[in-house]
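Single-structure report; data block below.
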Amino acid sequence: MRIPNFASGRQGESSVIGPGTSYDGASFSELLQVDYPHLAFDWSRYAGAEPLSVPHGTTVLAFKYSEGVIVAGDRLATEGLRVASRDIQKVYATDDHSMIAIAGAAGPAIEMARIMRIELEHYEKIEGQALELDGKANKLSQMIRANLPAAMQGLAVVPLFAGYDLRRQHGRMWKFDVTGGRYEEAEFESSGSGSLYARESLKKSHNPGATEREALEMAVQALTDAADEDRGTGGIDMLRGIFPTVIFCSQPGIRQADETDIREVYEEMIARRASDHGGAAS
Amino acid sequence: MSMPFYVSPEQVMQDKAEYARKGIGRGKSSITVEYDSGIAVMAENQSSLSKIGEIYDRIAFAGVGKFSEFDQLRKIGVRYADMKGYQYSRDDVRARALANSYSQAIGDVFTRELKPLEVEVIVAEVGDPELSGHEDNEIYRIQFDGSISDHRGFCVIGGSEEELASYLQSNFQQNAPLGEVLRMGQAALQRAADGQGSVPPENLEVCLLEKARNGRKFRRLSTDELRGHLSS
Chain W
4 MRIPNFASGR QGESSVIGPG TSYDGASFSE LLQVDYPHLA FDWSRYAGAE PLSVPHGTTV
64 LAFKYSEGVI VAGDRLATEG LRVASRDIQK VYATDDHSMI AIAGAAGPAI EMARIMRIEL
124 EHYEKIEGQA LELDGKANKL SQMIRANLPA AMQGLAVVPL FAGYDLRRQH GRMWKFDVTG
184 GRYEEAEFES SGSGSLYARE SLKKSHNPGA TEREALEMAV QALTDAADED RGTGGIDMLR
244 GIFPTVIFCS QPGIRQADET DIREVYEEMI ARRASDHGGA AS
Chain L
184 MSMPFYVSPE QVMQDKAEYA RKGIGRGKSS ITVEYDSGIA VMAENQSSLS KIGEIYDRIA
244 FAGVGKFSEF DQLRKIGVRY ADMKGYQYSR DDVRARALAN SYSQAIGDVF TRELKPLEVE
304 VIVAEVGDPE LSGHEDNEIY RIQFDGSISD HRGFCVIGGS EEELASYLQS NFQQNAPLGE
364 VLRMGQAALQ RAADGQGSVP PENLEVCLLE KARNGRKFRR LSTDELRGHL SS
């Protein structure tokens with residue numbers, strides 16, 4: 004059967020669907036590379052060029068709690084020592100049961116989060132069935148690997164991926180390196196310039212049996228600790244009303260934490276630290 | 184020496200049309216109906232191979248006729264929509280443009296190829312009261328020869344199209360609740376299923392485009408949910 008493929012990028016030619024002529028699989032990023040190569044940016048052309056200076060996102064973290072998994076990120080983007088943006092988003096829902104938290108070069112990272120969302124939706128529509136959580140993590144690792152030429156130019160994207168595994172009935176999370184290596188974490192993980200401090204904080208406070216509220220407290224605490232030590236990580240900005248992004252993912256789906264709850268948890272924590280002479284306040 | 188025989192273009196087109204009509208006529212029908220808070224797409228379907236699918240946030244697809252052909256068209260539609268949404272914005276993905284592209288592609292096959300596509304498809308888009316210029320539902324029907332038409336209220340494709348359309352004509356009411364519309368659809372499809380006493384919920388494929396949902400408006404009803412709506 005020859006059906007003119009109007010979805011193909013090569014509209015000028017009389018392209019038809021069939022093996023070898025045009026992409027016929029279920030992956031959006033592969034469709035992009037095969038039929039729309041002009042939109043899938045080829046970083047290898049810039050090999051050897053000076054590394055670029057672009058805004059970078061900083062601390063994101065993920066950990067398990069009693070209902071599933073929570074992912075949080077601060078809002079600051081920096082370009083060297085300068086603030087590039089105070090309110091960028093680093094945590095994105097990729098579908099109803101998974102999310103991606105990005106650290107690294109903001110531009111490619113946000114684009115990767117966007118393509119990842121379309122990728123999962125595209126697969127689900129073409130195949131009539133959503134990918135398993137493992138499949139989603141694997142797909143993301145391939146996308147990060149494809150970004151390796153850009154990473155060599157200083158545009159590394161090192162996300163966290165987390166979600167609720169509907170088959171196994173519990174939350175799961177993965178960290179990645181620039182080569183696409185993926186590593187599943189059992190309890191908590193953090194990525195970005197402040198990640199060392201966030202991880203140290205979670206090491207002390209993490210409790211996998213925590214309620215949603217306790218999980219929110221742990222997340223706010225870890226982000227505040229990271230912002231305290233790392234100049235690239237933004238703290239909670241009460242003056243401008245800029246709060247971190249915190250998303251819970253459990254069996255019924257994902258839910259973003261209310262700013263009023265974050266504010267409350269933050270103020271309680273500040274009050275506690277102020278009265279607790281020494282410790283974190285010093 | 185044998186003479187090359189001559190067949191007039193009219194005859195060729197007529198034969199192709201008859202062939203396509205026959206193919207489509209053998210299959211079961213599919214109904215698309217507006218209700219008070221969205222669009223319902225229904226088909227009699229005993230198999231697990233879907234005749235109705237999600238194209239994009241507000242757009243659904245339904246096909247009748249030869250499965251492999253309309254499913255291929257559905258996939259092309261998904262690629263088209265996802266690509267357009269990626270290149271421009273999610274709001275730029277609209278049913279009319281997609282329906283036009285289907286019309287072109289199907290018409291192209293009808294005129295150029297020996298064998299026409301034995302399919303009819305529906306592209307339905309649910310309106311969004313929040314978006315200016317996008318408030319109304321849109322339903323497009325594309326036939327085997329690429330002819331395209333738009334419909335208000337309801338649209339039938341497939342086998343007993345004329346009979347079902349006249350049934351819906353006399354029973355359709357604007358802004359009816361979902362349960363009522365689904366019962367009407369079931370009754371209509373029942374009329375088309377000749378020789379059978381009834382079309383039970385497990386033999387119906389029903390998908391909705393729900394205005395009130397956030398983001399992706401498309402939802403497939405489970406048999407239990409459908410049963411609940413039919414008896415409500």
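Residue numbers (our numbering), protein chains in the order written: chain W, 4 to 285; chain L, 184 to 415.
Quick reminder that beta carbons are idealized off the backbone N, C-alpha and C, glycines included.
The model shown is predicted, which means the values in this text are computed figures rather than measured ones.
(request) Starting from the beta carbon of L/Lys-258, find every residue of chain W whose beta carbon is closer than 7 Å, and list them in chain order. (result) Ile-129
(message) Cβ closer than 7 Å: which chain L residues qualify as neighbours of W/Ala-10?
(response) Ile-259, Arg-262, Tyr-263 and Met-266
(request) Assign W/Arg-234 to buried or exposed, taking buried as 16 or more other Cβ atoms, counted over all protein chains shown, within 10 Å of its Cβ. (result) exposed
(message) So, at 6 Å on beta carbons, what are the nonlocal neighbours of W/Ser-278 in its own chain, with the 5 sequence-adjacent residues on each side left out?
(response) none
(request) Please report how far the alpha carbon of W/Leu-42 lies from the alpha carbon of W/Tyr-269, in whole angstroms. (result) 42 Å
(message) For the structure I just gave you, are there three or more beta carbon pairs, one from the segment 187-201 of chain L and one from the segment 353-362 of chain L, closer than 8 Å?
(response) no
(request) Measure the CB-CB distance between L/Tyr-285 and L/Gly-260 and report whether it falls below 9 Å. (result) yes
(request) Can you have a look at L/Leu-365 and say buried or exposed, based on whether 16 or more other CB atoms are within 10 angstroms of its CB? (result) buried
(request) Kindly list, in the order they appear in chain L, the residues whose Cβ is closer than 9 Å to that of W/Leu-34. (result) Arg-262, Asp-265 and Met-266
(message) Just to confirm, is the Cβ distance from W/Tyr-167 to W/His-100 under 9 Å?
(response) yes
(request) Give the range of the beta strand (DSSP E) segment to which W/Thr-214 is assigned. (result) Careful: W/Thr-214 lies outside any beta strand (DSSP E) and carries neither H nor E.
(request) Report the residues of the segment 280-294 of chain L with a CB closer than 7 Å to any CB of chain W, ordered along the chain. (result) Ser-284, Gln-287, Ala-288, Asp-291 and Val-292
(message) Against L/Ser-233, what residues of chain W qualify as contacts under a CB-to-CB distance less than 7 Å, listed in chain order?
(response) Gly-131
(message) Can you tell me whether W/Pro-7 is buried or exposed? The criterion is at least 16 other CB atoms within 10 Å of its CB, across all chains shown.
(response) buried
(request) Could you list the residues in the segment 357-378 of chain L with a C-beta less than 8 Å from some C-beta on chain W, going in chain order? (result) none
(request) Quick one: residues in its chain with C-beta nearer than 6 Å to the C-beta of W/Ala-218, no 5 flanking neighbours on either side, listed in chain order? (result) Tyr-68 and Ile-73
(request) Buried or exposed for L/Leu-255, please, with buried defined as at least 16 other CB atoms from any protein chain shown within 10 angstroms of its CB. (result) Reading off the sequence, residue 255 of chain L comes out as Gln, not Leu. By the 10 Å Cβ count, L/Gln-255 comes out buried.
(request) Give the residues of chain W in contact with L/Gly-248, contact being defined as C-beta atoms less than 8 Å apart. (result) Within chain W, no residue comes near L/Gly-248; the closest Cβ sits about 12 Å away, beyond 8 Å.
(request) Report the neighbours of L/Tyr-269 on chain W: residues whose CB is nearer than 7 Å to its CB, in chain order. (result) Ile-121
(request) Report the rounded CA-to-CA distance for L/Gly-208 versus L/Ile-322, giving the unit in angstroms. (result) 21 Å
(request) Assuming W/Val-63 contacts W/Ile-105 (C-beta within less than 8 Å), just tell me the rounded distance between them. (result) 7 Å
(request) Identify every residue that forms a DSSP beta bridge with L/Ile-222. (result) L/Glu-217 and L/Leu-392
(request) Might you give, ordered along the chain, the residues of its own chain that have their beta carbon closer than 7 Å to the beta carbon of L/Ala-282, omitting 5 neighbours on each side? (result) Val-306, Tyr-323, Ile-325 and Ile-331
(message) Does L/Asp-333 pass the burial test, meaning 16 or more other C-beta atoms within 10 Å, or should it be called exposed?
(response) exposed
(message) Using only the alpha-carbon positions, how far apart do W/Tyr-186 and L/Val-304 sit?
(response) 45 Å
(request) Give every residue of the same chain whose Cβ lies closer than 6 Å to the Cβ of W/Trp-195, excluding the five residues on either side of it in the sequence, and list them in chain order. (result) In the sequence as displayed, the identity of residue 195 of chain W is Gly instead of Trp. For W/Gly-195, where only same-chain residues beyond five positions count, the Cβ hits under 6 Å are Thr-61, Thr-62, Val-63 and Ala-106.
(message) Does L/Glu-313 come out as helix, strand or coil in the three-state DSSP assignment?
(response) coil
(request) Determine the direct distance from the alpha carbon of W/Tyr-26 to that of L/Phe-250, and round the result to whole angstroms. (result) 20 Å
(request) Would you kindly check if the distance between the Cβ of W/Val-57 and the Cβ of W/Gly-76 is under 9 Å? (result) no
(message) Using C-beta distances below 6 Å, list every residue in its chain close to W/Ser-193, excluding the 5 sequence neighbours before and after it, in chain order.
(response) Leu-64, Ala-201 and Arg-202
(request) Flag W/Leu-42 as yes if its beta-carbon sits less than 9 Å from any beta-carbon of chain L, otherwise no. (result) yes
(message) Taking only three categories from DSSP, how would you classify L/Tyr-323?
(response) strand
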